[in-house]
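Sequence lines, in order, name chains A and B.
Count along the first sequence starting at 1, add 248, and that's the number in my numbering.
Count along the second sequence starting at 1, add 283, and that's the number in my numbering.
Where is the CB? At the ideal position from N, CA and C, for every residue including glycine.
Notes follow the structure.
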Amino acid sequence: DTGVSQDPRHKITKRGQNVTFRCDPISEHNRLYWYRQTLGQGPEFLTYFQNEAQLEKSRLLSDRFSAERPKGSFSTLEIQRTEQGDSAMYLCASSFTGTVTRNEQFFGPGTRLTVL
Amino acid sequence: GIQVEQSPPDLILQEGANSTLRCNFSDSVNNLQWFHQNPWGQLINLFYIPSGTKQNGRLSATTVATERYSLLYISSSQTTDSGVYFCAVLKSTNAGKSTFGDGTTLTVKP
Chain A
249 DTGVSQDPRH
259 KITKRGQNVT
269 FRCDPISEHN
279 RLYWYRQTLG
289 QGPEFLTYFQ
299 NEAQLEKSRL
309 LSDRFSAERP
319 KGSFSTLEIQ
329 RTEQGDSAMY
339 LCASSFTGTV
349 TRNEQFFGPG
359 TRLTVL
Chain B
284 GIQVEQSPPD
294 LILQEGANST
304 LRCNFSDSVN
314 NLQWFHQNPW
324 GQLINLFYIP
334 SGTKQNGRLS
344 ATTVATERYS
354 LLYISSSQTT
364 DSGVYFCAVL
374 KSTNAGKSTF
384 GDGTTLTVKP
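This is how it looks when you write it as structure tokens:
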């Protein structure tokens, strides 16, 4: 399977615990994105990387959230001191941007987080 | 920021019917994608269509960028077409932030 993969697919945690999610993009893609989706809403942008550089962060990404892409390949999203409001589907996407003006994003299956 | 509105929010069809889903956006965009979200939450790429018309089987899409809207047509709908359809826009190819609408939930009854 050469698509975007995410791990774990489901995570149940207690309020106050830290959680970390992983995303592996399509191998030749240089951009990687994180989104969050709550019930009945469209995905909301959190942050994105071009190679290993984090180029943009949403206001939604509070101090408790941190994302890394240390070698420009896989990425991790960590949430510290989880709150019930963090319960959502966390989606990762990747794309390739080069000399051709096209930025088509491909999504992984998501990680569903439930905070009790 | 850019606003994206999708209509209708909900659509119920009998199998075999045709439908049109609409996506309006508030500013000029360079990228527009249509997705189908399956019951497990996976977003499936349907079209990359910043302008013009494309067709893929029973699905087709048209984007009129100058008038800031896109349409997704589903013909001869099947029960497997059920799910949520999203459009997502990107203001600039070099920007990272895609803005999604809230989706159209399609239910196709047998």
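Interface partners of residue i on chain A, CB under 7 Å
{"i": "SER381 (chain B)", "result": "PHE293 and GLN353"}
Residue i - containing beta strand (DSSP E), residue span
{"i": "SER253 (chain A)", "result": "253–255"}
{"i": "GLY384 (chain B)", "result": "No beta strand (DSSP E) contains GLY384 (chain B), which DSSP labels as neither H nor E."}
{"i": "ASP293 (chain B)", "result": "293–297"}
{"i": "THR362 (chain B)", "result": "THR362 (chain B) -> no beta strand (DSSP E), and no H or E assigned at all."}
{"i": "LEU364 (chain A)", "result": "Run containing LEU364 (chain A): none; DSSP gives neither H nor E here."}
{"i": "THR261 (chain A)", "result": "258–261"}
{"i": "THR346 (chain B)", "result": "342–347"}
{"i": "THR268 (chain A)", "result": "267–272"}
Other residues of its chain near residue i: CB distance less than 8 Å, five sequence neighbours each side excluded
{"i": "VAL367 (chain B)", "result": "HIS319, GLN320, GLY386, THR387, THR388 and LEU389"}
{"i": "PRO292 (chain B)", "result": "ASP385, GLY386, THR387 and THR388"}
{"i": "TYR352 (chain B)", "result": "ARG305, CYS306, ASN307, PHE308 and THR346"}
{"i": "LYS259 (chain A)", "result": "VAL267, PHE269, THR359, ARG360, LEU361 and THR362"}
{"i": "ARG284 (chain A)", "result": "PRO291, GLU292, LEU294, LEU308, ALA336, MET337, TYR338 and LEU339"}
Beta-carbon contacts of residue i that lie in its chain and below 7 Å, excluding the five residues immediately before and after
{"i": "ASP310 (chain B)", "result": "ILE285 and LYS374"}
{"i": "GLN332 (chain A)", "result": "ARG263 and VAL363"}
{"i": "SER358 (chain B)", "result": "ASN301 and ARG341"}
{"i": "ILE274 (chain A)", "result": "THR250, GLY251, VAL252, SER342 and PHE354"}
{"i": "PRO357 (chain A)", "result": "GLN254 and ARG257"}
{"i": "ASN278 (chain A)", "result": "GLN298, ASN299, PHE344 and THR345"}
{"i": "GLU316 (chain A)", "result": "SER323 and THR324"}
Beta-carbon proximity list for residue i, same chain, < 6 Å, skipping 5 on both sides
{"i": "TYR281 (chain A)", "result": "TYR296 and ALA341"}
{"i": "SER381 (chain B)", "result": "ALA371 and LEU373"}
{"i": "THR345 (chain B)", "result": "THR336 and LEU354"}
{"i": "LEU391 (chain B)", "result": "Checking the sequence shown, residue 391 (chain B) turns out to be Val, not Leu. LEU296, GLU298, SER360, THR362, ASP364 and SER365, listed in sequence order."}
{"i": "PHE313 (chain A)", "result": "ILE327"}
{"i": "ASP272 (chain A)", "result": "SER253 and PHE322"}
{"i": "LEU315 (chain B)", "result": "ILE332, PRO333, THR346, SER353 and VAL372"}
{"i": "GLY320 (chain A)", "result": "ASN299 and GLU300"}
{"i": "ASN351 (chain A)", "result": "SER343 and THR345"}
{"i": "ASP334 (chain A)", "result": "ILE327 and VAL363"}
Contact set between residue i and chain B, taken where Cβ atoms lie within less than 7 Å
{"i": "TYR281 (chain A)", "result": "GLY379"}
{"i": "GLU304 (chain A)", "result": "GLY379 and LYS380"}
Under 9 Å from the C-beta of residue i: neighbouring residues of chain B
{"i": "GLN289 (chain A)", "result": "PHE383, ASP385 and GLY386"}
{"i": "GLY358 (chain A)", "result": "TRP323, GLY324, GLN325 and LEU326"}
8 Å Cβ cut-off: residues of chain A touching residue i
{"i": "PHE369 (chain B)", "result": "GLY290 and PRO291"}
Cutoff 8 Å: residue i Cβ touching any chain D Cβ
{"i": "LEU304 (chain B)", "result": "Here the protein chains are A and B, and chain D is not one of them."}
Within chain B, the residues that residue i reaches when beta carbons sit closer than 8 Å
{"i": "TYR296 (chain A)", "result": "GLY379 and LYS380"}
Contact list for residue i against chain A, beta-carbon separation under 9 Å
{"i": "LEU373 (chain B)", "result": "ASN351 and GLN353"}
>> Output needed in chain order: residues of the segment 325–343 of chain B with a Cβ under 7 Å from some Cβ in chain A.
In response: GLN325, LEU326, ASN328 and TYR331
>> Please give me, in chain order, every unbroken run of the beta strand (DSSP E) with length at least 3 that falls completely inside the segment 284–311 of chain A.
In response: 292–298 and 301–305
>> Counting only Cβ-Cβ distances shorter than 8 Å, please list the residues of the segment 293–321 of chain B near chain A, keeping chain order.
In response: ASN313, ASN314, GLN316 and PHE318
> Enumerated in chain order, which unbroken segments of the beta strand (DSSP E) with a length of 3 residues or greater are wholly contained in the segment 291–339 of chain B?
Replying inline: 293–297, 302–308, 314–320, 326–331 and 335–339
> What are the start and end residues of each continuous beta strand (DSSP E) run of 3 or more residues lying completely inside the segment 313–351 of chain A, in chain order?
Replying inline: 313–316, 323–327 and 336–343
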